[in-house]
Amino acid sequence: MLEKYSMIVIYFGILMFLGYLASKRVNSMSDFVIGGKTLSFWVAAFSAQATGESAWLLLGLTGMGAMLGFSTYWVVVGELFGVGVAWFFMANRFKRLTDKYDSITVIDYMGSRFKSKTNVLRIVSATALSFFVLIYISAQIDATGSAFESFLDWNYHTGAVVGFLVVATYCIAGGFLAAAWTDMFQGAVMLICLMLLPAVAYYSLSNSGSIYEGLYAIEPGLVNMWGAGGFTLMNLSVVVGMMLIGLGFLGSPQVFARLIAIRSEDQINRGKWIAMLFTLLVDFSAVSIGVLGRYIFTTQGVEPDTILGNGAQNVLSELVEFTFPPLLVGLYVAAVLSAIMSTVSSLLVMAAGSITHDLYAKIVNPNLSNNQAARLCRRITVVLAMLSLGLAIVVSVVSPDRTIFWFVIFGWAGIAATFCPMIIMSLFWTRFTERAAIAAMITGFSMTIISKFVLQGIDTIGPYFTALETMPPSFLSALIVGYVVTLLWPDDKLTAEYQADLDSIGHGGGGEDALEAEPLGNN
1 MLEKYSMIVI
11 YFGILMFLGY
21 LASKRVNSMS
31 DFVIGGKTLS
41 FWVAAFSAQA
51 TGESAWLLLG
61 LTGMGAMLGF
71 STYWVVVGEL
81 FGVGVAWFFM
91 ANRFKRLTDK
101 YDSITVIDYM
111 GSRFKSKTNV
121 LRIVSATALS
131 FFVLIYISAQ
141 IDATGSAFES
151 FLDWNYHTGA
161 VVGFLVVATY
171 CIAGGFLAAA
181 WTDMFQGAVM
191 LICLMLLPAV
201 AYYSLSNSGS
211 IYEGLYAIEP
221 GLVNMWGAGG
231 FTLMNLSVVV
241 GMMLIGLGFL
251 GSPQVFARLI
261 AIRSEDQINR
271 GKWIAMLFTL
281 LVDFSAVSIG
291 VLGRYIFTTQ
301 GVEPDTILGN
311 GAQNVLSELV
321 EFTFPPLLVG
331 LYVAAVLSAI
341 MSTVSSLLVM
351 AAGSITHDLY
361 AKIVNPNLSN
371 NQAARLCRRI
381 TVVLAMLSLG
391 LAIVVSVVSP
401 DRTIFWFVIF
411 GWAGIAATFC
421 PMIIMSLFWT
431 RFTERAAIAA
441 MITGFSMTII
451 SKFVLQGIDT
461 IGPYFTALET
471 MPPSFLSALI
481 VGYVVTLLWP
491 DDKLTAEYQA
501 DLDSIGHGGG
511 GEDALEAEPL
521 GNN
């Protein structure tokens, strides 16, 4: 046990040290929220992907791999699609526009893109963002407690509080830079640990060549890419739901904040390859851990939940204990905490910055100085962190049978459905209007809740919506509403102004690197 704790203490020590170094560079609101736009491609890519993956990767996706088998690899395909579109097609245009508008948050960009005359857009977006961020952070804190419980036999609530205190401390001190630097370190820990475990576990098996046959004997559906029963409408719904998880990379504020903060477009062009490779390696490894765990720890007729925990989310800890000595077990506790804390820190800074800059400074007190804004942002970070901790504890009591996968995906889908359709259309459709953006966000926000708590409960269609999860119907609804509202209430003046902005940054519809100005249609 001493070996485990020594590794964790070292890990926490590095995080606190990075937070201390970052705190020395925070002199303004811009420094706290986007680090003064100084990120290199390594830091930005690792930070964006580590933030996007979260505890869902190490506990949720590994568990899904154990539950469903080979069909879980569709998640890898979907994640690569989402990351690829974000970095290869959206990042450069978004970076040029946010630099032109001098934006320091995604909501800041929206206000400038739509030339907002009122505060409705800021209020709606900041409110929706804060709501789902609280849920998302609570899910990460919940995973922290589960990680300490499964790896170290701690009391769940003790583990949740300890992890929360560490991440809140370095976040409050160093702001965005602390989050980004620690993300770089944490992403490297995640990458190494996730790649190492399935490789070592595989080569340590005396009968590694019979894994396919062994899985088939346990449950034939485990080795079918469409799941148990082969290609059916229900299995297709499950596969589509897994593939479209990657949609969350197409404009989620916590991910695109890294594109605002990156130093230059040249850094984006180099970082996109890092982001793609990181995503491929960690996602593929996570699913493989689950598949190997199912093969090693279960037998025919035995439900994985009875051995590997609810949703098989203990498969990582079981495989680590099976494969490695205690010292390296401590390293894997650090890896799980890395996935969790990288996301929590990013979300806390982003949400606090949005409330401070997009609501208070823009609406309540426009004369707020940089130093005052940075101090206020730290205080709001504390409040958000405490609220998230309280919500996590309440959910743990009210819903003891929850899975980390569901809890995290709900928050992830809510943020994505609210913001991503609007960001996509705002970048690539010159006719897209502020009214349509507000309608799209409200639709995405509402449909996430309706899909989860209403549609999934309907007897006839509910199972299919459960299989799809909340992302696809919510995302699609927001796209449709945004498109229809734009056609019904066009704004020719705004269209001309945005076209002028695109022309001024070299994305006006011509040139090798430009996308069509109106790929969604022109009337």
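The end of the sequence shown is residue 523 by the numbering used here, with every number in the run present.
Glycine residues also receive a C-beta, built at the ideal position from the N, C-alpha and C atoms.
For residue 211, the three-state secondary structure derived from DSSP is helix.
In this structure, the beta-carbon distance from residue 316 to residue 302 does not fall below 9 Å.
Residue pairing from DSSP leaves residue 423 without any beta-bridge partner. Taking the C-beta atoms as reference points, residue 69 is found nearer than 9 Å to residue 223. In the structure shown, residue 39 falls within a strand segment according to DSSP collapsed to helix, strand and coil. Residue environment analysis places residue 399 among the exposed positions, since fewer than 16 neighbouring C-beta atoms fall within 10 angstroms of its C-beta. Under the three-state reduction of DSSP output, residue 461 falls in the coil class, being neither helix nor strand. In this structure residue 408 is in contact with residue 139, their Cβ atoms being roughly 4 Å apart against a cut-off of 8 Å. When the five nearest sequence neighbours on each side are left out, the beta carbons in the same chain lying within less than 6 Å of the beta carbon of residue 147 are those of 336, in order along the chain. In this structure, residue 387 sits away from residue 167, with a CB-CB distance that is not shorter than 9 Å. For the pair residue 125 and residue 477, the CB atoms are not nearer than the 9 Å cut-off. Nearest Cα to residue 76 within the set 278, 134, 122: 278. Distances from the CA of residue 93 to each of 375, 465, 428 were compared; the closest alpha carbon is that of 428. Rounded to the nearest angstrom, the gap between the Cα atoms of residue 141 and residue 506 is 43 Å.
The beta carbon of residue 56 lies closer than 6 Å to those of 408 in the same chain, with the five residues before and after it left out. 9 Å or more divides the Cβ of residue 412 from the Cβ of residue 350. Leaving aside the five residues that flank residue 286 on each side, the residues in its chain whose CB is nearer than 8 Å to its CB run, in chain order, 57, 58, 61, 62, 65, 194. In the DSSP assignment, residue 219 falls outside any alpha helix (DSSP H), carrying neither H nor E.
Between residue 426 and residue 100, the C-beta spacing is not below 9 Å. In the DSSP annotation of this structure, the continuous segment of the alpha helix (DSSP H) that includes residue 74 starts and ends at 74-85.
The straight-line gap separating the alpha-carbon atoms of residue 323 and residue 437 is approximately 50 Å. Non-local beta-carbon contacts of residue 40 in its own chain, meaning distances under 7 Å to residues more than five positions away in sequence, involve 263, 267 in chain order. By the Cβ rule, the region 416-423 counts as touching the region 243-251, because three or more pairs are nearer than 8 Å.
Classified as exposed, residue 165 has fewer than 16 neighbouring CB atoms from the shown chains inside 10 Å of its CB.
Rounded to the nearest whole angstrom, the CA to CA distance from residue 98 to residue 464 is 39 Å. Per DSSP, the continuous alpha helix (DSSP H) segment holding residue 273 begins and ends at 265-297. Excluding sequence positions up to five before and after residue 485, its CB lies within less than 8 Å of the CB of 433, 435, 436, 439, 440, all in the same chain and listed in chain order.
Excluding five sequence positions before and after residue 298, the CB atoms of its chain that fall closer than 7 Å to its own CB belong to 218, 304, 307, given in chain order. Taking C-alpha positions only, residue 131 is separated from residue 449 by approximately 12 Å. Using a Cβ distance threshold of 9 Å, residue 340 and residue 90 do not count as a contacting pair.
Residue 111 and residue 37 have their C-alpha atoms some 19 Å from each other. Taken atom to atom, the span from the alpha-carbon of residue 104 to that of residue 84 is near 24 Å.
Put simply, of 191, 149, 369, 117 the residue whose alpha carbon is nearest the alpha carbon of residue 53 is 191.
Sixteen is the threshold: since fewer than 16 other Cβ atoms of the shown chains lie within 10 Å of the Cβ of residue 300, the residue is exposed. If you check the CB distance, residue 395 and residue 7 do not come in under 9 Å. Bounds of the alpha helix (DSSP H) holding residue 100 are 91-101.
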